[in-house]
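Here the structure is laid out as structure tokens; the discussion comes afterwards.
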Amino acid sequence: MAFEFFDMVFQQPDIDPNLDDLPLEAVTYPATARREAEVWTAEVHGLPDGLSAHAEAATWHEMEEALVARVPRDLKAAPGTVIVSVEPADQNAVTAIRALTQARLNRALAEQAERDAARAAVRLLASQGWDAEDIGTVLRLPTARVENVLAPAEV
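Mapped onto our numbering, the consecutive letters of the sequence shown carry residue numbers 240 to 394.
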């Protein structure tokens, strides 16, 4: 039996359950971008010591990359300690982008919940004496996935 569709969720990496506990020390500076004619122009807000930063480029990607490179350099900040978050000036665009971002986050969390539930079900059924083939069939997972879940964790 082919259960590739249900096994696809395992193609994504697990979400670290301790993400909120990671020792990240970064400052985020918001930036607003506008497109005028053929040019994206962005201005970074809230920089310390009266500093200002802006970028102009033909594409969003080029404009964003310029800000991401310039702001940490101008602040003489260590790598990874400064984040520049660029959003369009148009609030309808911001709303649409944020809705997509939230949907992607929700999907990632749902996929993690599915992986966790599948692993728990595999382990429960195995503890009740079910063999890997029957577990795979009832859960619609390939036998190889069931065996992978039941294999001792590598240290």
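All C-beta atoms, glycine included, are put in the ideal place defined by N, C-alpha and C.
In this text, all values refer to a predicted model and were calculated from it rather than measured experimentally.
Point to revise | N- and C-terminal bounds of the beta strand (DSSP E) containing Val376 | key: Per the sequence shown, residue 376 should be read as Thr rather than Val. Note, Thr376: premise wrong, no beta strand (DSSP E); alpha helix (DSSP H) at 371–378.
Check your understanding: Which one or two residues does DSSP pair with Glu293 in a beta bridge?
Key -> A small correction: the amino acid at residue 293 is His; Glu does not occupy that position in the sequence shown. Its beta-bridge partners are Glu282.
Point to revise | Spatially closest choice to Arg273 from Ala317, Glu353, Ala357, Met302, by CA coordinates | key: The shortest Cα separation from Arg273 among Ala317, Glu353, Ala357, Met302 belongs to Met302.
Point to revise | Terminal residues of the beta strand (DSSP E) in which Pro269 lies | key: Counting along the chain, the beta strand (DSSP E) containing Pro269 begins and ends at 266–275.
Point to revise | The beta strand (DSSP E) enclosing Pro381, as first and last residue numbers | key: It is not in any beta strand (DSSP E) - Pro381 carries neither H nor E in the DSSP assignment.
**Study point:** Reference Gly289; option with closest CA among Leu314, Thr320, Asn387
**Key:** If we check each option's Cα against that of Gly289, Leu314 comes out closest.
Check your understanding: What is the DSSP secondary structure of Ile254, reduced to helix, strand or coil?
Key -> In the three-state reduction of the DSSP assignment, Ile254 falls in the coil class, being assigned neither a helical nor a strand state.
Check your understanding: Hey, which unbroken runs of the beta strand (DSSP E) at 3 residues or more fall wholly within the segment 303–366?
Key -> Every unbroken stretch of the beta strand (DSSP E) spanning 3 or more residues and falling wholly within the segment 303–366 is given here in chain order: 321–327.
**Study point:** Member of Ala390, Leu378, Glu393 whose CA lies at the smallest distance from the CA of Phe242
**Key:** With distances taken between CA atoms, Phe242 lies nearest to Leu378 out of Ala390, Leu378, Glu393.
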